[in-house]
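For the sequence shown, the numbering used here assigns the number 103 to the initial residue and increments by one for each residue that follows.
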Amino acid sequence: MGRGGYTGGSSSFNIYKGGFASHDPAAPDPGVEVYRPEVKFAKRTAAAQQVRIDQATKDYISSIIVSYQLGSILPPCPPELLSVVHASIRKAGGPLEWVRSRPEYREIYEKHRKKSVTKAGERYEADFRKAWARGTSLPELPPVIAETFALAIKEKGGVLEWTLLKLDLVKAPTKSARTFPPLPHPISPQNIQAYLLEVGFGDDKMELSDLDLEALSKHLLKKGIRIPLKDRNIKRSIT
Numbered sequence: 103m104g105r106g107g108y109t110g111g112s113s114s115f116n117i118y119k120g121g122f123a124s125h126d127p128a129a130p131d132p133g134v135e136v137y138r139p140e141v142k143f144a145k146r147t148a149a150a151q152q153v154r155i156d157q158a159t160k161d162y163i164s165s166i167i168v169s170y171q172l173g174s175i176l177p178p179c180p181p182e183l184l185s186v187v188h189a190s191i192r193k194a195g196g197p198l199e200w201v202r203s204r205p206e207y208r209e210i211y212e213k214h215r216k217k218s219v220t221k222a223g224e225r226y227e228a229d230f231r232k233a234w235a236r237g238t239s240l241p242e243l244p245p246v247i248a249e250t251f252a253l254a255i256k257e258k259g260g261v262l263e264w265t266l267l268k269l270d271l272v273k274a275p276t277k278s279a280r281t282f283p284p285l286p287h288p289i290s291p292q293n294i295q296a297y298l299l300e301v302g303f304g305d306d307k308m309e310l311s312d313l314d315l316e317a318l319s320k321h322l323l324k325k326g327i328r329i330p331l332k333d334r335n336i337k338r339s340i341t
């Protein structure tokens, strides 16, 4: 037997205090990680899949925020994310609530604000001018416009007043719009015709400004009466 131990066959027997220990050189060292290609491939695949899910989630959040800013219908959840976010969305009460609860909401909102203000503003102006000219109901102000110009809207007296001045549709102070007395009861064509004449709207009597006409139109709409009052060529009677 040699001084350091005896090696025979495929095993080594090392003398140490208290006995013998055997070691098989062919067996893996428990302290060394064994290279297994299939494990590394699985880890890389899982990591890549997680990257795709994270990016898809971020894109979905951005699409929800932009749709909300523009006042559009919120997009549906992509199929690949249903198993990932559906439960969280349902628990939050809906896609918008879920997005607002996330820490990155404000950062993404601000990232898209400028472009959304431009896009929403162009669409709102076109819809408003068309409705104003036709005497039909006015479009709603997109959320991103309402939030961005909240202070100016408040200072001007409301959305209608701010929009009219913003689009240069009126020159007079917006607060000059009239308030109108209650509608007659019962509501009938004859009573409405008499009411319009009383407040200054008739064939040979026009005492109302465009802003007054808009206020009167909204006043009538509350009772379900739709008349294109701003079209000064319409027949001034209701049949």
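Each residue gets a CB set at the ideal place from its N, CA and C atoms; glycine is no exception.
{"Query": "In angstroms with no decimal places, state the Cα-to-Cα distance between A254 and G223.", "Result": "15 angstroms"}
{"Query": "Would Q171 be called buried (16 or more neighbouring beta carbons within 10 Å of its own) or exposed?", "Result": "buried"}
{"Query": "Which complete alpha helix (DSSP H) runs does the stretch 172-213 hold, if anything under 4 residues is left out?", "Result": "184-194 and 197-202"}
{"Query": "Excluding the five sequence neighbours on either side, which residues of its own chain have a C-beta within less than 7 angstroms of the C-beta of F230, listed in chain order?", "Result": "L240, P241, T265 and L269"}
{"Query": "Should E300 be labelled buried (16 or more other beta-carbon atoms within 10 Å of its own) or exposed?", "Result": "exposed"}
{"Query": "Using the Cα positions of T276 and S290, report the straight-line distance between them to the nearest angstrom.", "Result": "At T276, the pLDDT of 43 sits below 50, so the modelled position is not reliable and the matter cannot be decided from this model."}
{"Query": "Tell me whether the beta-carbon of Y297 lies closer than 8 angstroms to the beta-carbon of L285.", "Result": "yes"}
{"Query": "Could you give the distance in angstroms between the alpha-carbon of P283 and the alpha-carbon of S169?", "Result": "40 angstroms"}
{"Query": "Express the C-alpha separation of A252 and G173 in angstroms, rounding to a whole number.", "Result": "16 angstroms"}
{"Query": "In three-state DSSP terms, what is D270?", "Result": "coil"}
{"Query": "How many angstroms separate the CA atom of S190 from the CA atom of T220?", "Result": "32 angstroms"}
{"Query": "Going along the chain, which residues of its own chain have a beta-carbon closer than 8 angstroms to the beta-carbon of H214, five neighbours each way excluded?", "Result": "S164, I167, V168 and Q171"}
{"Query": "Find the nearest neighbour of G196 within the set L176, P180 and E209, judged by alpha-carbon distance.", "Result": "L176"}
{"Query": "Is it buried or exposed for P288, if we count other Cβ within 10 angstroms and need 16 for buried?", "Result": "exposed"}
{"Query": "Going by DSSP, what residue range makes up the alpha helix (DSSP H) through E300?", "Result": "P291 to V301"}
{"Query": "For K258, does the count of other Cβ atoms within 10 angstroms reach 16, so buried, or fall short, so exposed?", "Result": "buried"}
{"Query": "Assuming Y207 contacts L183 under a Cβ cut-off of 8 angstroms, what Cβ separation, rounded to an integer in Å, is found between them?", "Result": "No, Y207 and L183 are not in contact; Cβ-Cβ is about 17 angstroms, not under 8 angstroms."}
{"Query": "Helix, strand or coil for H287, going by three-state DSSP, please let me know.", "Result": "coil"}
{"Query": "Applying the criterion that 16 or more other CB atoms from any shown protein chain within 10 Å of the CB defines a buried residue, is L262 buried or exposed?", "Result": "buried"}
{"Query": "Under 8 angstroms Cβ to Cβ from L204, same chain only, skipping five residues before and after it: list those, please.", "Result": "According to the sequence provided, residue 204 is Arg. The question's Leu does not apply to it. I163."}
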